[in-house]
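Following: one structure in structure tokens, then a few remarks.
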Amino acid sequence: MSDSSQPVFSCKDVHVWIADKEVVKGVDLEISAGEIHAIMGPNGSGKSTLANALMGHPAYTLEGTVKLAGEDVTSLSPDEKARKGMFLAFQYPVAVPGVTVASFLRAAVSAVRGTETPVREFRKELLSRMEDLAMDPAFAGRYLNDGFSGGEKKRLEILQLLMLKPRFALLDETDSGLDIDALKVVAEGINAAASQDVGMVLVTHYQRLLNYVRPHVVHVFMDGRIVRTGGPELALELEERGYDWLEPAAAGGV
Amino acid sequence: MASTPKVADIGTDYGQRYGFHDPEEYFMRTPKGLSHEVVEAISRLKKEPEWMREFRHKALDIFLAKPMPTWGDTQMLSEIDFDDITYYVRATEKQETSWEDVPENVKRTFDRLGIPEAERKFLAGVSAQYESEVVYHSVKEELTKQGVIFLDMDSGLREHEELVRKHFATVIPIADNKFAALNSAVWSGGSFIYVPKNTEVAIPLQAYFRINAERMGQFERTLIIADEGAKVHYIEGCTAPVYSTNSLHSAVVELIAMKGARIRYTTIQNWSNNIYNLVTKRAVAWEDAVVEWVDGNLGSKLTMKYPAVILKGERAHGEVLSIAFAGPGQHQDAGAKMTHLAPNTTSKITSKSISKGTGRATYRGLVKVRKGASGCKTSVQCDALLIGEAARTDTYPTMEIAEDQVRVEHEARVSKLGDEQLFYLRSRGLKDDQARLMIVNGFIEPFVKELPMEYAVELNRLIELEMEGSVG
Ligand SMILES: Nc1ncnc2c1ncn2[C@@H]1O[C@H](COP(=O)(O)OP(=O)(O)O)[C@@H](O)[C@H]1O
Ligand SMILES: [Mg+2]
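Note that the protein sequences, when read in sequence, are chains A and B. The first sequence lines up with residues 1 to 254 when you count with my numbering. The second sequence lines up with residues 255 to 726 when you count with my numbering.
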């Protein structure tokens with residue numbers, strides 16, 4: 001495992017541009033193994049842009065430094081980052097028709113682990129993780145996100161999290177569009193990952209998920225910046241008072 | 255479940271695997287160019303009956319009189335030099351039924367292409383054509399006992415003249431199009447198959463077509479007759495060496511499915527990029543018959559091919575499932591035709607194309623429903639996938655529906671191998687080329703799963719080669 005004195009993930013002074021528009025305007029984060037941070041903020045404030053850019057989306061320009069377990073990964077490609085133990089659960093997972101969940105996951109697991117897992121062993125592991133997430137085994141034979149409901153997509157993201165066992169995961173609104181049962185299943189998956197020392201950032205704009213997952217740190221994100229950082233009580237305060245009392249302009253240093 | 259090919263395996267290419275050629279030491283060849291003398295020489299050499307000799311000469315006149323098509327890739331078509339092609343080349347003295355007897359260099363070619371091995375493993379009969387003639391032919395004894403005829407077309411004509419004469423050119427008449435006329439004039443080789451009533455050929459029959467010589471024309475002619483209630487699956491594969499000069503492949507394939515019969519015709523064409531592939535394929539389906547064309551088009555310089563089914567008997571069903579892969583500099587002009595002549599007939603066209611680099615894929619389809627053919631159903635689906643900014647696709651779906659009581663579905667989709675799909679897969683650790691390959695393999699999955707397993711594996715491998723170095 002990683003050196004415990006070292007955060008599994010950190011980023012410093014991260015700015016992100018989409019074309020010539022600056023969407024993320026200086027973000028610092030430090031997450032230790034097994035730690036859960038929540039990033040909460042209104043729609044359109046740049047949370048997904050930050051998450052995608054950190055993972056290395058080629059359409060975004062990122063400035064600043066991104067480190068994974070102390071190693072500078074700023075300029076690595078998404079697949080290199082993934083192989084070094086970084087994971088992004090997508091707000092809008094993408095469909096790849098004709099590719100089954102099982103064959104995709106087997107390829108991904110092999111890529112990330114750097115070795116081919118024998119088919120039987122892989123199958124056993126997959127079915128057992130699917131059972132944890134109350135997923136029908138037939139799911140493994142369906143085409144990746146093709147015609148999936150919102151809830152199915154989000155469950156599949158968590159399944160990937162559990163199969164790929166990253167060091168650090170960004171979960172972008174994995175809680176949205178879920179009914180209460182699905183929300184509980186997703187929360188269990190997140191807690192299971194945390195108990196295995198995965199450091200995580202949960203991007204959300206609801207307090208709902210936080211009833212089931214207890215974050216160590218909560219950041220409020222507005223207009224491309226973290227405007228306040230606190231403990232779990234901050235999430236409750238946001239629930240009560242909304243975002244209006246927090247002035248993006250007053251952000252500066254937190 | 256298709257497994258993901260390993261990127262590390264990529265490295266071989268068409269040139270090494272299929273693009274090699276043997277020395278052109280031939281038993282017999284006609285002089286270059288096309289004339290009545292050449293047609294006469296071919297017919298004499300084959301010791302054909304008079305009616306076939308006349309058929310050929312008549313066909314040549316029609317070919318010469320017919321203008322080139324004014325549609326399709328007229329630019330590429332205009333570059334064909336008919337005088338610079340050899341129309342008949344015979345490599346070996348006679349056809350063999352044992353690979354041991356096939357001349358060493360020719361046998362080596364088919365060994366490299368894996369044909370004898372495929373035959374041992376999973377085929378009921380094999381025909382191997384090299385240039386103009388079938389050099390090897392073999393059928394499992396059980397089939398012969400069942401009364402199934404599987405011969406090369408020339409032997410078919412010799413041994414079953416009446417049956418051939420009755421059906422030959424009835425589905426595709428000489429004057430159907432310029433290239434059908436050309437084939438009719440100089441045809442050689444191909445397969446003749448007859449499956450008797452209520453007889454099922456449980457494992458596939460295969461023919462493999464190999465062009466070896468430079469500036470060569472291959473004009474095989476295939477006729478398959480499935481009698482009432484019979485069932486057969488025929489597979490054809492094709493390759494050629496890589497040359498800088500062009501060769502021409504112009505086949506005519508006629509299928510006749512009698513009442514209640516089923517014919518599936520699968521093609522995995524993998525021509526080198528110097529081949530003009532201008533093929534006419536058409537079937538007639540009588541009452542309750544089913545005809546399926548499963549058509550995979552890789553390679554060639556220009557392919558023009560529109561497998562057709564004429565639905566003549568009530569409740570007949572026709573299907574075309576095709577994929578085309580147009581790599582840089584290639585044009586795949588492919589499609590399908592369905593003609594509903596009888597009531598309650600059904601048809602389904604699924605066309606998938608991939609264009610990469612400067613590759614160009616065209617879907618050209620025609621669905622016709624005759625007045626009075628009520629209760630027909632037809633569905634057409636075209637999906638095109640573009641890789642890279644220069645890739646091009648066009649769709650020309652034509653419907654001529656003269657009857658009101660008809661259900662028509664049509665759907666066309668163009669997608670780009672998208673940045674979002676790539677980012678998603680790459681964020682799971684898949685390298686760029688592996689991610690692209692996975693997307694493409696997913697795209698053609700509905701086609702691949704219709705193939706016998708061995709061919710599915712082969713096709714996935716071919717696509718992998720085509721995708722090599724596809725970044726950008
Ligand atoms: N691909 C894109 N092209 C142009 N603008 C974008 C793109 N993605 C996001 N944006 C813009 O960036 C801003 C932040 O969006 P986003 O990161 O999705 O916010 P959030 O996830 O916080 O809701 C919005 O104004 C949005 O319109
Ligand atoms: Mg978002």
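Glycine residues also receive a C-beta, built at the ideal position from the N, C-alpha and C atoms. These figures come from a predicted structure and were not determined experimentally.
Contacting residues, own chain, Cβ-Cβ under 8 Å from Thr117(A) (five flanking each side not counted): Taking the first sequence and counting its residues from 1, one reaches residue 117(A) at position 117. Same-chain partners within the cutoff: Arg106, Val109, Ser110, Glu125.
Interface residues of chain A facing Ile717(B) [CB-CB closer than 9 Å]: Translated into positions along the second sequence, residue 717(B) becomes position 463. Residues of chain A passing the Cβ test: none, with the nearest at roughly 12 Å.
How would you list, in chain order, the residues of chain A whose beta-carbon sits under 9 Å from the beta-carbon of Ser442(B)? The sequence position of residue 442(B) within the second sequence is 188, counting from 1. Correct list: empty, because the minimum Cβ distance to chain A is about 40 Å.
From the DSSP output, in three-state form, read off His15(A) for me. As a first step, residue 15(A) must be located in the first sequence, where it is residue number 15. Residue state, collapsed to three classes: strand.
Looking at ligand 1, does it come within less than 6 Å of Val23(A), judged from the CB to the closest heavy atom? In the first sequence, the residue the question calls residue 23(A) occupies position 23. Result yes, Cβ under 6 Å from ligand 1.
Taking contact to mean at least 3 C-beta pairs separated by less than 8 Å, is the stretch 431-441 of chain B in contact with the stretch 564-580 of chain B? no
Based on DSSP bridge pairs, tell me the residues matched to Arg344(B). To locate residue 344(B), count along the second sequence from 1; it is residue 90. According to DSSP, residue pairing for Arg344(B) in a beta bridge involves Met282(B).
Flag this pair as yes or no: are the beta carbons of Val538(B) and Ala434(B) separated by less than 7 Å? In the second sequence, residue 538(B) corresponds to position 284, counting from 1. In the second sequence, residue 434(B) corresponds to position 180, counting from 1. Cβ atoms of Val538(B) and Ala434(B): not closer than 7 Å.
For Phe9(A), which residues in chain B fall below 7 Å Cβ to Cβ? If you number the first sequence from 1, residue 9(A) lands on position 9. Within chain B, no residue comes near Phe9(A); the closest Cβ sits about 15 Å away, beyond 7 Å.
For a cutoff of 7 Å on Cβ pairs, would you count Gly379(B) as touching chain A? One-based indexing of the second sequence puts residue 379(B) at position 125. Not an interface residue.
Integer-rounded CB distance, given that Gly581(B) should sit under 8 Å from Glu720(B): Here residue 720(B) refers to the residue found at position 466 when the second sequence is read from its first residue. Here residue 581(B) refers to the residue found at position 327 when the second sequence is read from its first residue. Right, the Cβ-Cβ distance comes to about 6 Å (below 8 Å), so this counts as a contact.
Cutting at 7 Å between CB atoms, please list the residues of its own chain near Asn598(B), excluding the five before and the five after it. The residue labelled residue 598(B) in the question sits at position 344 within the second sequence. If the five residues before and after Asn598(B) are omitted, its C-beta is found closer than 7 Å to the C-beta atoms of Glu568, Arg569, Gly629, Cys630, all from its own chain and listed in chain order.
Say the cut is 6 Å; is the CB of Lys47(A) nearer than that to a heavy atom of ligand 2? As a position in the first sequence, residue 47(A) is number 47, starting the count at 1. Lys47(A): yes, Cβ under 6 Å from ligand 2.
Within its chain, find whatever has a CB closer than 8 Å to the CB of Thr340(B); leave out the 5 residues flanking it on each side and keep chain order. As a position in the second sequence, residue 340(B) is number 86, starting the count at 1. So the qualifying residues of the chain are Arg283, Thr284, Pro285, Lys286, Ala467, Arg469, Met470, Gly471.
Assigned secondary structure, His219(A) (DSSP; H/G/I helix, E/B strand, else coil): For the purposes of this step, residue 219(A) is taken as residue 219 along the first sequence, with counting starting at 1. DSSP places His219(A) in strand when its eight states are reduced to three.
Can you name, in chain order, every residue of its own chain whose Cβ lies under 7 Å from the Cβ of Pro42(A), other than the five neighbours on each side? Within the first sequence, numbered from 1, the residue matching residue 42(A) stands at position 42. Excluding sequence neighbours, Pro42(A) sits near His205, Met222, Tyr243.
Considering only their Cβ atoms, is the gap separating Ala484(B) from Val449(B) smaller than 7 Å? Numbered from its first residue, the second sequence carries residue 449(B) at position 195. Numbered from its first residue, the second sequence carries residue 484(B) at position 230. In this structure, Ala484(B) lies closer than 7 Å to Val449(B) by Cβ.
Can Lys432(B) and Lys555(B) be called in contact, C-beta distance under 7 Å? On the second sequence, position 178 is the one that residue 432(B) refers to. On the second sequence, position 301 is the one that residue 555(B) refers to. Not a contact, by the Cβ cut-off of 7 Å.
Contact list for the stretch 79-99 of chain A against chain B, Cβ threshold 9 Å: Per Cβ criterion, the list reads Asp79, Glu80, Lys81, Ala82, Arg83, Met86, Phe87, Leu88, Phe90, Tyr92, Pro93, Val94, Ala95, Val96, Pro97, Gly98, Val99.
By Cβ distance below 7 Å, which residues in the same chain neighbour His290(B) in space, the five residues on each side in sequence not counted? Along the second sequence, read from residue 1 onward, the residue named residue 290(B) stands at position 36. Excluding residues within five positions, the ones whose Cβ falls inside 7 Å are His311, Leu314.
Quick check: the Cα distance between Ile158(A) and Asp146(A), rounded to an integer number of angstroms? In the first sequence, the residue the question calls residue 158(A) occupies position 158. In the first sequence, the residue the question calls residue 146(A) occupies position 146. Their Cα atoms are separated by approximately 17 Å.
N-terminal and C-terminal residue of the alpha helix (DSSP H) that Leu255(A) is part of: It is not possible to answer for residue 255(A), since the shown part of chain A is limited to 1 through 254.
CB Val545(B) to CB Ile564(B), shorter than 7 Å? Taking the second sequence and counting its residues from 1, the one referred to as residue 545(B) is at position 291. Taking the second sequence and counting its residues from 1, the one referred to as residue 564(B) is at position 310. Between Val545(B) and Ile564(B), the CB-CB gap reaches or exceeds 7 Å.
Contact criterion: CB-CB distance below 7 Å. Does Leu314(B) meet it with respect to chain A? As a working note, residue 314(B) is residue 60 in the second sequence. No, Leu314(B) lies away from the interface with chain A (no Cβ there is under 7 Å from its Cβ).
Taking 6 Å as the cut-off, is the C-beta of Gly44(A) nearer than that to any heavy atom in ligand 1? By one-based count along the first sequence, residue 44(A) stands at place 44. Within the cutoff, so yes.
Residues of the stretch 109-139 of chain A whose Cβ lies closer than 7 Å to any Cβ of chain B, in chain order: Ala111, Val112
Just the C-alpha distance for Ala182(A) and Val16(A), rounded to the nearest angstrom, thanks. Within the first sequence, numbered from 1, the residue matching residue 182(A) stands at position 182. Within the first sequence, numbered from 1, the residue matching residue 16(A) stands at position 16. Approximately 33 Å, taken between the alpha carbons.
Got a sec? Which residues, its chain only, sit under 7 Å from Glu350(B) by beta carbon, not counting five neighbours each side? Numbered from 1 along the second sequence, position 96 holds the residue referred to as residue 350(B). Within the same chain, Cβ atoms closer than 7 Å to the Cβ of Glu350(B) are found at Val356, Val389, Tyr390, the five residues on either side in sequence being excluded.
Within the same chain, show all residues whose beta-carbon is closer than 6 Å to that of Ala494(B), passing over the 5 residues directly before and after it, in chain order. Translated into positions along the second sequence, residue 494(B) becomes position 240. Only Ile465, Trp525, Ser526, Ile529 meet the Cβ criterion.
Under 8 Å by beta carbon: chain B residues contacting Ala193(A): Within the first sequence, residue 193(A) is the residue found at index 193, counting from 1. Ordered by position in chain B, no residue passes the 8 Å Cβ test against Ala193(A), which lies about 16 Å from the chain.
Quick check on the DSSP output: the beta strand (DSSP E) that includes Asp648(B) runs from which residue to which? Working through the second sequence from its first residue, we reach residue 648(B) at position 394. For Asp648(B), the uninterrupted beta strand (DSSP E) segment begins and ends at 646-655.
Chain A beta carbons: is any one of them nearer than 7 Å to that of Ile522(B)? Reading the second sequence from its first residue, position 268 is the one you call residue 522(B). No - not a single Cβ of chain A is within 7 Å of the one on Ile522(B).
Got a sec: which bits of the stretch 679-708 of chain B sit with their beta carbon under 8 Å from any beta carbon on chain A, in order along the chain? Leu679, Arg680, Ser681, Arg682, Gly683, Leu684, Lys685, Asp686, Gln688, Ala689, Met692, Ile693, Asn695, Gly696, Phe697, Ile698, Glu699, Pro700
Closer than 9 Å, Cβ to any Cβ of chain A: which residues of the stretch 466-478 of chain B, in chain order? Listed in sequence order: no entries.
Residue environment, Ser332(B), which counts as buried when at least 16 other CB atoms sit within 10 Å: Position 78 of the second sequence holds residue 332(B). Answer is exposed; the Cβ neighbour count stays below 16.
At a threshold of 6 Å, does Ile18(A) count as lining ligand 1 (C-beta to nearest heavy atom)? Position 18 of the first sequence, counted from the start, is the residue given in the question as residue 18(A). Indeed, a heavy atom of ligand 1 lies less than 6 Å from the Cβ.
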